[in-house]
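Notes follow once the structure below has been shown.
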Amino acid sequence: MKPVEAIGEFNPGGAYKATVGLDLGSGQKLKLIHASGTGVQGFEYGKKNWTIGSMTNKDSFFEFRSDLDVGKLKVRQNIPAGNFKLAPSPICTLATKPKTVGKFKDEYELVYDFMTKTGKATEFLEYKGAHSVKVTADTKTGAAGASVKLQTKVKKPWCKLVGVSSSSKTGPVAFYEAEPYTCLALKGEYTVKKQELASTFEIKMKADSKTKLKVDARIGKAGILKPALGFKITFDMK
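Now the structure itself:
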């Protein structure tokens, strides 16, 4: 029995994007991608530690992953518009293994993009498995472009988690997640600078169902903006 996963999103204007993921066995996975309007079509194929992908607009990539003593290494080479002269110029990412000291857990993610010559560092600090802070900064924008995210897991049906994030680009953003029923999940996000509320309703056909229906909507000064209907279906193929 090999799982098949289908994900799609539809907008009122008729635009859509769809992804179908296939488990081919022996660690092999294939993903097919299509979007209307842009006409983008493509595929991704990979095994345990590597993935390749290509689109009809000639964008392609190769990604290699490896487990190290200090954490996980990922090396990705993007080839935009088929311009192979840009290689080698990979994006290298190192995610360190969590380090636990008392009730604190500390993790780092270090990224360097050789194409844009930009480095980025993220620290994730968690306390008692419930309260966390995430700080991100890069060499291009420096301290002025840093972002901070604070989050608390309440673990109640009416409030799964709540938090706030802020950066010079987005300004303060408050977010909230709840799961009042086993078949219903809610997410909300309010951006102060745009005065815009983004909400997501995710519905399972049954509590243990792998089939999900998702409705996204943004509400701003002008009313409802860019509503979308999405779905995610996972099933086994003999």
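Residue numbers for the sequence shown, in this note's numbering: 22 to 259.
Idealized CB from N, CA, C, for every residue including glycine.
Three-state class that DSSP yields for residue i in the structure shown
{"i": "K170", "result": "strand"}
{"i": "L94", "result": "strand"}
{"i": "P193", "result": "coil"}
{"i": "M22", "result": "Model confidence at M22 stands at a pLDDT of 49, short of 50, so the residue's coordinates are unreliable; what they give is reported in the following sentence. Correct three-state label for M22: coil."}
{"i": "A39", "result": "strand"}
Other residues of its chain near residue i: CB distance less than 7 Å, five sequence neighbours each side excluded
{"i": "A164", "result": "A158"}
{"i": "S87", "result": "N70, L94"}
{"i": "P13", "result": "Residue coverage of the chain in this structure runs from 22 to 259, which leaves residue 13 outside it and unanswerable."}
{"i": "P193", "result": "V185, S187, V213"}
Pair within 8 Å by beta-carbon distance, residue i and residue j
{"i": "T191", "j": "L182", "result": "no"}
{"i": "I218", "j": "R239", "result": "In the sequence as presented, Ile is not what sits at residue 218; that position holds Leu. A contact, by the Cβ cut-off of 8 Å."}
{"i": "T114", "j": "K138", "result": "no"}
{"i": "E128", "j": "P119", "result": "yes"}
{"i": "G251", "j": "K235", "result": "yes"}
{"i": "G309", "j": "F82", "result": "A query on residue 309 cannot be resolved here, the shown segment of the chain reaching from 22 to 259 and no further."}
{"i": "H55", "j": "A39", "result": "yes"}
{"i": "K225", "j": "G241", "result": "no"}
{"i": "F135", "j": "P111", "result": "yes"}
{"i": "K231", "j": "I28", "result": "no"}
Pick from the options that is closest to residue i, judged by C-alpha positions
{"i": "K68", "options": "K176, F83, K50", "result": "K50"}
{"i": "K79", "options": "I100, M136, F252, E26", "result": "I100"}
{"i": "S47", "options": "P24, S57, V156, L107", "result": "P24"}
{"i": "L171", "options": "F196, A56, T160, I73", "result": "F196"}
{"i": "G103", "options": "P111, V122, I112, M76", "result": "M76"}
{"i": "A142", "options": "T121, M136, G166", "result": "G166"}
{"i": "C180", "options": "A151, G244, D237, G29", "result": "A151"}
{"i": "E16", "options": "L45, T162, S57", "result": "Any property of residue 16 remains undetermined from this structure, which presents the chain solely from 22 to 259."}
{"i": "D237", "options": "K227, P248, E65", "result": "P248"}
{"i": "S189", "options": "T162, Y211, K176, L207", "result": "T162"}
Same chain, Cβ closer than 8 Å to residue i, neighbours up to 5 away in sequence not counted
{"i": "V91", "result": "L115, T117, K118"}
{"i": "P178", "result": "A199, E200, P201, Y202"}
{"i": "K124", "result": "Y148, K149"}
Contacting residues, own chain, Cβ-Cβ under 6 Å from residue i (five flanking each side not counted)
{"i": "E147", "result": "K126, S153"}
{"i": "L89", "result": "none"}
{"i": "V169", "result": "V156, S187"}
{"i": "V132", "result": "T114, K141"}
Closer than 8 Å to chain D by CB, residue i
{"i": "A56", "result": "Reference to chain D is not applicable here, since this structure consists of a single protein chain."}
Subject >> Runs of beta strand (DSSP E) lying entirely within the segment 103 to 181, each at least 3 residues, in chain order >> reply: 112 to 117, 120 to 122, 125 to 134, 139 to 148, 152 to 159, 168 to 177
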